[in-house]
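Notes follow once the structure below has been shown.
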Amino acid sequence: GDVVLGPLEGHTDWVNSVAFSQDGKRIVSGSRDRTIRVWDAETGAVVVGPLEGHTDSVHSVAFSQDGKGIVSSSSDQTIRVWDAETGDVVLGALKGHTSWVNSVAFSPDGKRIVSGSDDKTIRVWDTETGDVVGSLEGHTDSVHSVAFSQDGKRIVSGSSDQTIHIWDAETIDVVGPLKGHTESVNSVAFSQDGKHIVSGSKDQTIHVWDAETGDVVVGPLEGHTDSVNSVAFSQDGKHIVSGSHDETIRVWDAETGDVVVGPLEGHTFWVNSVAFSPDCKHIVSGSYDQTIRVWDAETGDVVVGPLEGHTASVTSVAFSPDGKHIVSGSYDQTIRVWDAETGDVVVGPLEVQHWVNSVAFSQDGKRIVSGSLTICVWDAETGDVVLGPLRGYTNGVNSVAFSQDGKRIVSGSPDLTIRIWDSETGDVVLGPLEGHTSWVNSVAFSPDGKRIVSGSFDRTTRVWDAETGDVVGQLEGHTQLVYSVTFSQDGRGIATGSDEKMIRVCDAETGDAFKGQKDGHADSVNALSFSHNHDQIVSGSSDNKIRMFSVLGKLLNSEFGHNPGFDGGWILDSSSSLLFWVPSWNRAGFCWSRTSLVIARGAPSTELDFHNFVHGDSWQQCKA
């Protein structure tokens, strides 16, 4: 669990920028002390530098793809190119910007450099001559980040003007910005085939977008009466489950948009997380009410739970790959593993020293990784700590995930950094990856394990080479916090969701925006998911709406109704008519037509048989 390198000391002021060389053998750093240093990534020794020449803070540094050159930019309004072996200045100082140069990057072929500045402009430079070969204007405020696509054909830029622009690197034509959400987007994701994106927004709606055209193909899906925090497709793609601030769960027909099960009631506080079991037969939910429940996905019956034991909010839940177990993490500083059939705690409580923010199973189901103040890897059978606690972060861990092969763990932290760990030894094999300027909220491996995507409160999304640590793409333009990032299952696309009600989708290789910003929600989109067969996407939002789209680009359903069900002790029918009232002391253990089992501490079980129930005008059918 030891940090394999560092701290690397030498700079005498803030370190603003770091990057790995493509071969992973060296690290370059730029500092407010006006210098640049090149470090041996194995020993931590300074092998080149300090490189001096800038007369003010160095904001951005990057290696060329071949590792032979380093580019730097500074508050002194200039750009310099350095020989990575000797430290000699081979080009520059390049002048033209009229304010701080915040970001620089080489093109993949090393023939061009792109720079972004507080002067609101982007410039493209010839690395042989130092000439400006393009000046990109359009942003109305400082340009904070620029990057080339992997094929060198596009440039992406992010600005304080709250927009992202995608530029053709040859013609300088711009695509975007695209907008639509009216509140923060809490979550975004690609479909398995990368053709669609689903976004959930605080505007209480869900949109499913065609990733090529940006059209809304299904939605808005409406019915929830508060923020939709989590949505997921069943593995067969036939159903969608959603969980909401309104304390309910709904299951929707993915083709018609009809509510086929629910609202499922029982949680007494916000539903934060929902997921289908791999066989599509069950749904697991986690709530601020400190409980977890497992529901029959066909009938809506509670088949296990509420799973009680946590004494504070349940922050993260996940099924094991075989669907037999559920792992949960909580603010009560514990982790529990539950039998998905019986609801029994089979492992735990496993105690940690701080809130548990994130839990995940390895693909073989044998290990669990948790993110808290530290990272721990647990044996999923025995509960023993097999690795850790892994330390190195200064402010805890927000997100953890295994690579598909289980050999590595990626973590993101409020300390602004990302690390990759060897899941067997606990060694830091890459990182800390620096570049984000605020909390890193979400991290994920690409399916092939070659890349990592990260989302941050600094409003940016970055794509990193999982071998070298190089930033291979940076998307900036969200005007609010980035809550969620994800790769499509084929690894070809990246979707990001943020607090400003927008979803952005980019080609993971080139950085090209398929359509830019997606919107339509009127409040935060909290969760979204693609169907397993790639045909539909569903999103859930705080605007009380769910939106669903088909890959054909057609809106499947615009609104879904809300069934109050159980309101203030009253049982209601689908038209909100009062049926009867349940006393407060019977509610915790109340079982009715959609609930087959309730486990409630200190509460009696009250069961009703509705088979011959009649109501209203049907009262005449009653027989003594």
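Residue numbers 436 to 1059, in our numbering, belong to the letters of the sequence shown in order.
We put the CB at the ideal spot given by N, CA and C, even for glycine.
Check	Outcome
In terms of residue numbering, what span does the beta strand (DSSP E) encompassing Cys811 cover?	810-814
May I have a chain-ordered list of the beta strand (DSSP E) segments no shorter than 3 residues that lie completely inside the region 743-794?	749-754, 760-765, 769-774, 780-786
Quick one: what's got a C-beta closer than 6 Å to Asp661's C-beta in the same chain, skipping five residues either side?	Ser679, His680, Asp681
Do you know whose CA, among Ser751, Ala747, Lys842, Ser919, lies nearest Val719's CA?	Ser751
Jot down the residue ranges of each uninterrupted beta strand (DSSP E) in the region 866-937, minimum 3 residues, whole runs only, in chain order.	875-880, 886-891, 895-900, 906-911, 917-922, 928-933
Just reading off the beta strand (DSSP E) that Glu700 is part of, what are its end residues?	Here Glu700 belongs to no beta strand (DSSP E), and DSSP marks it neither H nor E.
Flag this pair as yes or no: are the beta carbons of Val772 and Val787 separated by less than 9 Å?	no
Tell me the rounded alpha-carbon separation between Gln500 and Phe796.	35 Å
Check whether the Cβ atoms of Arg854 and Pro867 sit closer than 9 Å, and answer yes or no.	yes
Just curious, the beta strand (DSSP E) that Ser797 is in, first and last residue?	No beta strand (DSSP E) holds Ser797; DSSP gives it neither H nor E.
Residues in its own chain within less than 7 Å of Asn830 by CB, not counting five upstream and five downstream?	Ser848, Pro849, Asp850
In or out: Asp638 buried (at least 16 other Cβ within 10 Å) or exposed?	buried
Could you tell me which uninterrupted beta strand (DSSP E) segments, each at least 3 residues in length, are contained entirely in the region 512-560, listed from first to last along the chain?	513-518, 524-530, 536-541, 547-552
Beta-carbon separation of Val450 and Arg461 under 9 Å?	no
To the nearest angstrom, how far is the alpha carbon of Gly1081 from that of Tyr828?	With the chain covering only 436 through 1059, there is no way to say anything about residue 1081.
Rounding to the nearest angstrom, what Cα-Cα distance links Ile972 and Phe583 in this structure?	Interpretation of Ile972 is limited by its pLDDT of 37, a score under 50 that renders its predicted location unreliable; the figure taken from the coordinates is listed afterwards. Computed Cα separation, rounded: 30 Å.
At a Cβ threshold of 9 Å, is Asp544 touching chain D?	Looking for chain D here will not work: only one protein chain is present.
With a cut-off of 8 Å on the beta carbons, I'd call Asp767 and Thr746 a contact; round off their distance for me.	4 Å
Using 10 angstroms around the beta-carbon of Arg515, count the other beta-carbons present and answer buried if the total reaches 16, otherwise exposed.	buried
At the level of alpha carbons, what is the spacing between Thr872 and Asp905?	17 Å
Could you please give me the residues that DSSP links to Ile855 through a beta bridge?	Val845, Leu865
Indicate the three-state DSSP secondary structure (helix, strand or coil) for Ser993 in the structure shown.	With a pLDDT of 30 at Ser993, under the threshold of 50, the predicted position of this residue should be treated as unreliable, and no value is reported.
Using the beta-carbon count (16 or more within 10 Å), is Gly951 buried or exposed?	Note that Gly951 scores 42 on pLDDT, short of 50, meaning its location in the model is unreliable; the coordinates nonetheless yield the value given after this. Result: buried.
Thinking C-beta only, is Thr903 closer than 9 Å to Ser456?	yes
Should Glu487 go down as buried or exposed, given a rule of 16 or more other Cβ atoms within 10 Å for buried?	exposed
Here's the rule I'm using: 16 or more other beta-carbon atoms within 10 Å means buried, otherwise exposed. How should Thr691 be labelled?	exposed
Tell me the DSSP secondary structure of Asp661 in three-state form.	coil
Exposed or buried, what is Asp942 when buried is set at 16 or more other beta-carbons lying within 10 Å of its beta-carbon?	buried
Using the C-alpha atoms, what's the distance from Asp757 back to Asp448?	50 Å
With distances taken from CA atoms, which of Gly522, Gly527, Lys588, Leu785 is nearest Asp566?	Gly527
Among Gly884, Glu733, Phe892, whose alpha-carbon lies nearest the alpha-carbon of Asp900?	Gly884
Just how far apart, CA to CA, sit Val864 and Asn876?	21 Å
Report all residues from its chain with a CB closer than 8 Å to the CB of Val568; omit the five preceding and five following residues, and keep chain order.	Arg547, Val559, Trp560, Asp561
Rounded to the nearest angstrom, what separates Gly926 and Val888 at their Cα positions?	11 Å
Please report the distance separating the alpha-carbon of Pro999 from that of Thr703.	Note that Pro999 scores a pLDDT of 32, beneath 50, so its modelled location is shaky; the value from the coordinates is reported in the next line. Roughly 14 Å between the two C-alpha positions.
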